[in-house]
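Residue numbers (my numbering): 236 to 451. Positions of the beta carbon are idealized from the N, C-alpha and C atoms, including for glycine. Here is the structure we will look at.
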Ligand code: AMP
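Structure (structure tokens):
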């Protein structure tokens with residue numbers, strides 16, 4: 236099963252990707268997570284991209300396509316994957332078409348757009364927290380941790396992503412409208428495009444996604 240989650244930052248792509256991953260046993264490929272891991276390890280790549288990410292801008296298409304091509308060749312991707320936060324531009328989508336053709340002609344990608352109004356996105360993202368140790372996601376409004384600043388799973392410290400400050404969120408939304416939203420038109424004209432309303436409880440959104448993924 237090959238899935239792509241499209242939608243603005245904060246619509247719940249990461250949360251839904253993790254649920255899909257657990258249910259269907261296919262890996263979540265999040266370019267944002269891959270880049271953040273590089274930043275945390277302070278690798279040359281991490282140092283190169285940190286400032287761009289902190290500004291809420293996009294990392295170069297060339298770099299992202301190289302990361303994706305290497306990642307999709309890994310053995311755990313053989314039976315499927317969930318693309319989360321990639322592609323983000325038309326050149327990335329075109330690059331992905333080429334990579335998928337090289338991997339296997341018979342891959343059928345289901346593209347799911349999760350849509351949520353901007354004001355709700357800003358509310359959600361400013362209250363988002365992430366465990367600095369295991370990456371578990373929390374939301375002070377929607378999914379608060381049991382203990383104020385600690386991860387329920389591992390006790391790690393919960394932090395706010397540098398790019399989850401309101402000003403950067405507005406910038407990320409602007410970048411989304413300009414560079415990523417045109418992808419909706421790109422995929423709409425192909426088969427297997429679906430839209431789900433993301434302004435509902437996580438379980439309701441997930442139930443609809445499962446229905447879509449179970450369709451032949
Ligand atoms: P995310 O966690 O998906 O919101 O990504 C966080 C940041 O990483 C973005 O604001 C970009 O700076 C960068 N990034 C992640 N995925 C991509 C991508 N596909 N293309 C360009 N930049 C990306």
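Next item on the list: Would you grab the beta carbon distance between residue 348 and residue 241 for me? Rounded to a whole angstrom, and I think it's under 8 Å.
Entry: One-based indexing of the chain shown puts residue 348 at position 113. One-based indexing of the chain shown puts residue 241 at position 6. Rounded, the Cβ-Cβ distance is 4 Å, consistent with contact.
Next item on the list: Along the beta strand (DSSP E) that carries residue 428, what are the first and last residues, could you check?
Entry: Position 193 of the chain shown, counting from 1, holds the residue named residue 428. Boundaries of the beta strand (DSSP E) around residue 428: 428-432.
Checklist line | Own chain, CB closer than 7 Å to residue 398, minus 5 neighbours either side, in chain order | finding: Along the chain shown, read from residue 1 onward, the residue named residue 398 stands at position 163. Excluding residues within five positions, the ones whose Cβ falls inside 7 Å are 288, 289, 291, 407.
Checklist line | contact_flag[the segment 333-342, the segment 260-271] where n(CB pairs < 8 Å) is 3 or more | finding: The answer is no - the segment 260-271 does not touch the segment 333-342, with fewer than three Cβ pairs under 8 Å.
Note to self: Let me check one thing: in DSSP terms, what residues is residue 350 bridge-paired to?
What the structure shows: Counting from 1 along the chain shown, the entry for residue 350 is found at position 115. The partner list for residue 350 (beta bridge, DSSP) reads 432.
Check: Just to confirm, are residue 361 and residue 401 a CB contact at a threshold of 9 Å?
Finding: Here the question's residue 361 lines up with position 126 in the chain shown. Here the question's residue 401 lines up with position 166 in the chain shown. Yes.
Check: Any contact of the segment 409-422 with the segment 315-332, i.e. 3+ C-beta pairs under 8 Å?
Finding: Touching, per the Cβ criterion.
Item checked: Helix, strand or coil at residue 312 [DSSP, three-state] -> In the chain shown, counting from the first residue as 1, residue 312 sits at position 77. In this structure, residue 312 counts as helix in the three-state DSSP scheme.
Next item on the list: Would you list the one or two residues that DSSP bridges to residue 319?
Entry: Residue numbering aside, residue 319 sits at position 84 when the chain shown is read from its first letter. In the DSSP output, where bridge partners are listed per residue, residue 319 has 240, 265.
Check: Looking at residue 307 and residue 238, is the spacing between their C-beta atoms short of 9 Å?
Finding: Locating residue 238 in the chain shown gives position 3, counting from the first residue. Locating residue 307 in the chain shown gives position 72, counting from the first residue. 9 Å or more divides the Cβ of residue 238 from the Cβ of residue 307.
Note to self: Measuring CB atoms only, is the segment 278-288 touching the segment 248-262, in the sense that at least three cross pairs come out at less than 8 Å?
What the structure shows: Too few Cβ pairs lie closer than 8 Å, so no.
Check: Does at least one heavy atom of the ligand AMP sit under 8 Å from the Cβ of residue 265?
Finding: In the chain shown, counting from the first residue as 1, residue 265 sits at position 30. At a threshold of 8 Å, residue 265 counts as near the ligand AMP, since its beta carbon sits closer than that to one of the ligand's heavy atoms.
Next item on the list: Measure the alpha-carbon distance for residue 359 versus residue 244 and round it to whole angstroms.
Entry: Within the chain shown, the letter at position 124 stands for residue 359. Within the chain shown, the letter at position 9 stands for residue 244. Residue 359 and residue 244 have their C-alpha atoms spaced approximately 10 Å apart.
Margin query: Pull the bridge partners of residue 373 from the DSSP assignment, please.
Written below: Indexing the chain shown from 1 puts residue 373 at position 138. Looking at the DSSP assignment, residue 373 forms a beta bridge with 364.
Margin query: Less than 8 Å separating the Cβ of residue 249 from some heavy atom of the ligand AMP?
Written below: In the chain shown, the residue the question calls residue 249 occupies position 14. Between the ligand AMP and the CB of residue 249, the shortest heavy atom gap is smaller than 8 Å.
Notebook entry, point to check: Looking at residue 441 and the ligand AMP, is the gap between the Cβ and the nearest heavy atom below 8 Å?
Noted result: Here the question's residue 441 lines up with position 206 in the chain shown. Within 8 Å of the C-beta of residue 441 there is not a single heavy atom belonging to the ligand AMP.
Next item on the list: Could you name the residues that DSSP lists as bridge partners for residue 298?
Entry: As a position in the chain shown, residue 298 is number 63, starting the count at 1. When DSSP reads this structure, residue 298 sits in no beta bridge, so it has no partner.
Next item on the list: Measure the alpha-carbon distance for residue 427 versus residue 392 and round it to whole angstroms.
Entry: Within the chain shown, the letter at position 192 stands for residue 427. Within the chain shown, the letter at position 157 stands for residue 392. Each residue's alpha carbon lies about 40 Å from the other.
Note to self: Quick check on residue 342: does DSSP put it in helix, strand or coil?
What the structure shows: Taking the chain shown and counting its residues from 1, one reaches residue 342 at position 107. Correct three-state label for residue 342: coil.
Note to self: Determine whether the beta carbon atoms of residue 395 and residue 363 lie at a separation below 9 Å.
What the structure shows: Taking the chain shown and counting its residues from 1, one reaches residue 395 at position 160. Taking the chain shown and counting its residues from 1, one reaches residue 363 at position 128. Going by C-beta atoms, residue 395 is nearer than 9 Å to residue 363.
Checklist line | The alpha helix (DSSP H) enclosing residue 449, as first and last residue numbers | finding: For this step, residue 449 is matched to residue 214 along the chain shown. Going by DSSP, residue 449 is part of the alpha helix (DSSP H) stretching over 437-449.
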